[in-house]
Structure formats: C-alpha cells, structure tokens
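Participant: Please see the structure below; I have some questions.
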Amino acid sequence: MTSINAERLKADLGSLGNIGRRPSGGLGRTSFSAEDTEARQWYFDRCAEAGLDVTVDGIGNIIVSSPVADELSDARRPAVWSGSHIDTVPDGGAFDGALGSIAALECLRRIHEDRLALDRPVRCIVYADEEGNYAHLFGSRAISRGFSRSELEALTGRDGDRFVDTFTAAGGDIDRAANAVLPEGTIDASVELHIEQGPVLEVEGIDIGVVTGIVGLGGGTITLRGRSDHAGTTPMNARKDAGVAAGALLASLPCIAAGVSERAVVTSGIVTFVPGGANVVPEAAHVTVDFREPTAEGVAALESALIARTKAIAAEHGLDFDIEFEETVPPAPLDGEVQSIVAAAAKGRGLRHIPIHSGAGHDSQNIATVAPTGMIFVPSIDGRSHCPEEDTKWDDVANGGQVLLDTIIKLANR
C-alpha cells in the first residue's frame, strides 16, 4: 500500500507555519495580502520541486495535477479533488486549512512518485479566501455558484479595502473572476482533511472523525445610525447614541441563539464606531455578525431574530439602521458513499473513528452542491482553533494524511 511521507508532511506544515507569524505567535495571512502571496509562492515552489503542474483559476484558486498520473489515468473522466485553504483569520493557527492543503499535496506527490495508475485523475486544490475576508468560503463559492462582476465590485474586506483593488493589485483579472464557475461534471468526488476545531475527538480518544454534515452559516453587517454630539455637554437623555445601541445588540446575541436551538451560535468579531473619537457620541456603529445552525430553518430563524432585535433596539434609542447580510451558505449533508470509504480507510489502518458533525464552515459545503463530497477530521488539542494556541499532535496529522491518501485512491479507482 502506498504511504505518505509523514516527515515531509510535518516539515512542510512547519515551514508554511512560519509565513505570516505575528509576535503573539499567531498567523496573519489574510487572503491576497503580502503574507498570503508569500504563502502561495511557497506552495508553488513545493509543487515545482515535486514535478507537478499548477494552474490558477480566475478567482485565485490553485489547482495542482501530476503529469505522470494524468498520463496513466483516463484524463477524459472527471477528477477526484482534495484540498483546503492557506489563508488564515487574524492571529490564527498553523493547522486550520493548512493541514488539508499540505496533506492533499503530499498525497498527490506520493501518487506521482509511485506512478500509480488510477481510473480517474486526481487534483489538489487550494481555495482562495476561505476565511471570508471578502465573502464566506469565497473561492469555492466562485466555482460552484459564481459571482457577478457587480457583486465582486461591491465586496470590501475586513480592513475596508475594495476587493477589486486588492485583487487586481495582486495580478487578478475581474472579468475572469466573474466567470470562474466550473463546467458541470468537472469533479467526480471531493474529500477534505481538516482539524476538528473542537474537543470531541480528543476527549473521546478517537483518531478520525468521519464528517456527516456541515453547519449552515450567514452573516454580514448591521449598522445603527444616530447623531454625533459632544460627550461632555450632551445630556444622556438627549442623545442618539449608536454605541450604546450597539452594546445592547451585542448583549442580546446569546439570547437570540438560545431562542433558536442548543446548536445555534451568533458571534460579533468586529465593531466600529463613527467618527471614533473618545469624546464624541458615536454617530454610527457597524456591527459584524456571524450566525450558524445545523438546519436551513435554524439559519433563517437566526437571521429573522437578528433583524427583529435590531429594529427593536433602533426604535428604543431613536436610531435608523441598515442591515447588509451576505447570501446564506446552506447546511450541507455529506455523501454517504464517501463517508463509508473514509470509515473503511480508517479501519484498514487500525484507527478508531466515529461519525461527527461540523460546526465550522468549510469549502466542502459548496463543493458538495456539485459533486459527492466528504471530510476527514483529526483531533485538535484542547479543542482550540482560530487562535495562536491551535495545535494537533503529529501522530494525528500523519493518521489523517494516510487516511486521506487511502480515500483518494479508493475514490479514484471506484
């Protein structure tokens, strides 16, 4: 049986983990930033060293193939895809996304090196902006559902930059980006390796999680608009304070989630006051929200509850408001056959496995709308993720990489 090179996988993860390192120990590789560009070039270099072919699609997704494996397979058939992302959240960890991207590359390298003759081609993929600097699961949405040029022109990043400006400065072409949807039948099946980003596998002593489905998610910006006044001379009862109203909205988020289900979550990670002076009553407050729930009905209920609460708070404080929510990413059940193949691969390697649901969003939920898709989870130490403390044991990294390779080969030959 073909095996991964676990030491090479470990070394690559360590090397990539040095790009964008912050003094806090976390990583900052926002999509299309200088650090992200450096990480992408590092990835190109690893592919070139291995003798693999690389293309970049119109939206910035990286697609890698093996000329050797393609020659030995039936190139007319749809390909098996595997991969993840290498962009990070601000001050993020070294395994989220990176593990799936590097492990997929390692699997393709081993297929290439062993000159495996497979029934279908295999592609390694790195999705652009999975972390939603510009839009949730950006790269996979672009190839599965697409963005119009006007939608792309309206996108802004978390730092306020316009997508079109940043993208073109990085060498992108907006016309190509607006035509990035994959032709039907491009992907035969897809499988993504990822850290769990939660505590279940570690607590239960399980090696591999076979992902059954992915949570639905929505989000956007709620803007509360009041009146700017002097902080010292304006009585409290004469103010239209957008900042205080934003605080009331933030305080209500736990109740909004609890009112929908035990699995529902609502988060605000960015709040901006305008004009932003310490001695000025805020004229406006921009509040980002991220809401998630395992069912489509639950996601819709969270959105409705946020709108209703915003209306009530605005009325109470005498404010106007705007709500700009992105298109909801629906929950995605994952393919039963792919789940069975992952479970069999884990069992074949003597690894303990359980079915598990993903409370985090992943590019796989977009790919699941166009092809049979599965995911493999490995344990996260203390369940930590999206923070500098994010970590996974190297034995678990190797286990996940090997199960991924076995799954890819089985999918390609089925």
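When you line the sequence shown up against our numbering, it's residues 32 to 445, in that order. Even glycine gets a Cβ: it sits at the ideal position worked out from N, Cα and C. The model shown is predicted, which means the values in this text are computed figures rather than measured ones.
Just how far apart, CA to CA, sit Gly89 and Asp160?
Facilitator: Numbered from its first residue, the sequence shown carries residue 89 at position 58. Numbered from its first residue, the sequence shown carries residue 160 at position 129. If you take the alpha carbons of Gly89 and Asp160, they lie about 13 Å apart.
Participant: Which runs of the alpha helix (DSSP H), 4 residues or longer, sit entirely within the region 204-265?
Facilitator: 205-208 and 231-235
Participant: Report the option in Thr404, Val234, Glu357 and Ser335 whose CA atom is closest to the CA atom of Ala363.
Facilitator: Position 332 of the sequence shown, counted from the start, is the residue given in the question as residue 363. Comparing Cα positions, the closest option is Thr404.
Participant: What residues match up with Leu58 in a beta bridge as DSSP calls it?
Facilitator: Stepping through the sequence shown from its first residue, residue 58 is reached at position 27. Beta-bridge partners of Leu58 (DSSP): Arg52 and Gly123.
Participant: Cutting at 8 Å between CB atoms, please list the residues of its own chain near Thr122, excluding the five before and the five after it.
Facilitator: What you label residue 122 is simply residue 91 of the sequence shown in a count that begins at 1. The sequence given here places Asp at residue 122; Thr does not occur at that position. Closer than 8 Å at the Cβ level, and outside the excluded window around Asp122, lie Arg53, Ser55, Gly57, Leu58, Gly59, Cys418 and Pro419.
Participant: Indicate the three-state DSSP secondary structure (helix, strand or coil) for Gly82 in the structure shown.
Facilitator: Numbered from 1 along the sequence shown, position 51 holds the residue referred to as residue 82. Looking at Gly82 - three-state DSSP - the assignment turns out to be coil, as it is neither helix nor strand.
Participant: Quick one: give me the first and last residue of the beta strand (DSSP E) that Asp190 is part of.
Facilitator: Numbered from 1 along the sequence shown, position 159 holds the residue referred to as residue 190. Taken as a continuous stretch (DSSP letters only), Asp190 belongs to no beta strand (DSSP E), as it is neither H nor E.
Participant: Kindly list the residues whose CB is nearer than 6 Å to the CB of Thr438, restricted to its own chain and excluding five residues on each side of it in sequence; keep chain order.
Facilitator: Start at 1 with the first residue of the sequence shown, and residue 438 comes out as number 407. Cβ neighbours of Thr438 beyond the five flanking positions: Val222, Ile372, Val373 and Ala376.
Participant: Suppose you measure from the CA of Asp127 to the CA of Pro98; what does that come to, to the nearest Å?
Facilitator: The residue you call residue 127 lines up with position 96 of the sequence shown. The residue you call residue 98 lines up with position 67 of the sequence shown. The alpha-carbon atoms of Asp127 and Pro98 are separated by roughly 29 Å.
Participant: If contact is defined by three or more beta carbon pairs under 8 Å, each pair taking one atom from either stretch, is the region 392-400 in contact with the region 238-254?
Facilitator: Because the criterion of three Cβ pairs below 8 Å is met, the region 238-254 and the region 392-400 touch.
Participant: Consult DSSP for Ala159 and reduce its assignment to one of helix, strand or coil.
Facilitator: For the purposes of this step, residue 159 is identified with residue 128 of the sequence shown, where counting begins at 1. Secondary structure at Ala159: coil, using DSSP grouped into helix, strand and coil.
Participant: Helix, strand or coil: how does DSSP classify Gly324 here?
Facilitator: The residue given as residue 324 occupies position 293 in the sequence shown. Sequence inspection shows Glu at residue 324; the Gly mentioned does not correspond to that position. Correct three-state label for Glu324: strand.
Participant: So what's Ala391 in DSSP terms, helix, strand or just coil?
Facilitator: If you number the sequence shown from 1, residue 391 lands on position 360. Ala391 falls in the coil class under three-state DSSP.
Participant: Could you say which of Thr400, Arg180, Asp272 and Ala295 lies nearest to Thr326 if we only look at CA atoms?
Facilitator: For this step, residue 326 is matched to residue 295 along the sequence shown. That would be Ala295, whose Cα lies nearest to the Cα of Thr326.
Participant: Suppose you measure from the CA of Ser411 to the CA of Asp366; what does that come to, to the nearest Å?
Facilitator: As a first step, residue 411 must be located in the sequence shown, where it is residue number 380. As a first step, residue 366 must be located in the sequence shown, where it is residue number 335. Computed Cα separation, rounded: 24 Å.
Participant: Per DSSP, what kind of secondary structure is Glu355 in: helix, strand or coil?
Facilitator: On the sequence shown, position 324 is the one that residue 355 refers to. Residue state, collapsed to three classes: strand.
Participant: DSSP three-state call for Ser113: helix, strand or coil?
Facilitator: As a first step, residue 113 must be located in the sequence shown, where it is residue number 82. Three-state DSSP puts Ser113 in a strand.
Participant: Looking at the unbroken alpha helix (DSSP H) that takes in Ser179, where does it start and where does it end?
Facilitator: Walking along the sequence shown from the start, residue 179 turns up at place 148. In the DSSP annotation of this structure, Ser179 is not part of any alpha helix (DSSP H), being labelled neither H nor E.
Participant: Could you give the C-beta distance for Thr187 and Phe63, rounded to a whole number, given that I count them as a contact under 8 Å?
Facilitator: The sequence position of residue 187 within the sequence shown is 156, counting from 1. The sequence position of residue 63 within the sequence shown is 32, counting from 1. Not confirmed; about 13 Å, so no contact.
Participant: Three-state secondary structure (DSSP) at Ser104?
Facilitator: Taking the first residue of the sequence shown as position 1, residue 104 is located at position 73. Coil.
Participant: Does the region 148-155 come within contact of the region 165-185, defined as at least 3 CB pairs closer than 8 Å?
Facilitator: no
Participant: What's the call for Val234, buried or exposed, on a 16-neighbour Cβ count within 10 Å?
Facilitator: Within the sequence shown, numbered from 1, the residue matching residue 234 stands at position 203. Around the C-beta of Val234, fewer than 16 other C-beta atoms lie within 10 Å, and the residue is accordingly described as exposed.
Participant: May I have the straight-line CA-CA distance separating Thr252 from Arg71, to the nearest angstrom?
Facilitator: Counting from 1 along the sequence shown, the entry for residue 252 is found at position 221. Counting from 1 along the sequence shown, the entry for residue 71 is found at position 40. Approximately 30 Å between the Cα atoms of the pair.
Participant: In chain order, which alpha helix (DSSP H) runs of at least 4 residues are fully inside the region 277-311?
Facilitator: none
Participant: Along the chain, where does the beta strand (DSSP E) containing Thr423 start, and where does it finish?
Facilitator: Within the sequence shown, the letter at position 392 stands for residue 423. Note, Thr423: premise wrong, no beta strand (DSSP E); not H, not E.
Participant: Report back the beta-carbon spacing between Asp118 and Thr61 to the nearest angstrom; my notes put them in contact at under 8 Å.
Facilitator: Walking along the sequence shown from the start, residue 118 turns up at place 87. Walking along the sequence shown from the start, residue 61 turns up at place 30. Asp118 to Thr61, Cβ: 6 Å. Contact.
Participant: Find the nearest neighbour of Thr303 within the set Ala315, Ala429 and Ser416, judged by alpha-carbon distance.
Facilitator: For the purposes of this step, residue 303 is identified with residue 272 of the sequence shown, where counting begins at 1. Cα-wise, what sits closest to Thr303 is Ala315.
Participant: Is it true that the region 37-45 meets the region 102-117, where meeting means three or more beta-carbon pairs spaced less than 8 Å apart?
Facilitator: Pairwise C-beta distances place the region 37-45 out of contact with the region 102-117, as fewer than three of them are shorter than 8 Å.
Participant: Would you tell me roughly how many angstroms separate the C-alpha atoms of Ser416 and Glu162, rounded to the nearest one?
Facilitator: As a first step, residue 416 is located in the sequence shown; it is residue number 385 there, counting from the start. As a first step, residue 162 is located in the sequence shown; it is residue number 131 there, counting from the start. Straight-line Cα distance between these residues: approximately 13 Å.
Participant: Name the two residues that bound the continuous beta strand (DSSP E) containing Val401.
Facilitator: The count along the sequence shown starts at 1 and reaches residue 401 at position 370. Note, Val401: premise wrong, no beta strand (DSSP E); not H, not E.
Participant: Among Ala331, Ser115, Asp426 and His348, which residue has its Cα nearest to the Cα of Leu382?
Facilitator: The count along the sequence shown starts at 1 and reaches residue 382 at position 351. Cα-wise, what sits closest to Leu382 is Asp426.
Participant: In whole angstroms, what separates the C-alpha of Ser181 from that of Thr199?
Facilitator: Within the sequence shown, the letter at position 150 stands for residue 181. Within the sequence shown, the letter at position 168 stands for residue 199. Ser181 and Thr199: Cα-Cα distance of roughly 15 Å.
Participant: Return the CA-CA distance between Thr298 and Ala269, expressed in angstroms with no decimal places.
Facilitator: Looking up residue 298 in the sequence shown gives position 267. Looking up residue 269 in the sequence shown gives position 238. Near 31 Å, if we compare the C-alpha coordinates of Ala269 and Thr298.
Participant: Sorted by chain position, which residues of the same chain lie with C-beta nearer than 7 Å to Ala332's C-beta, five sequence neighbours on each side aside?
Facilitator: In the sequence shown, residue 332 corresponds to position 301, counting from 1. Answer for Ala332: Val291, listed in chain order.
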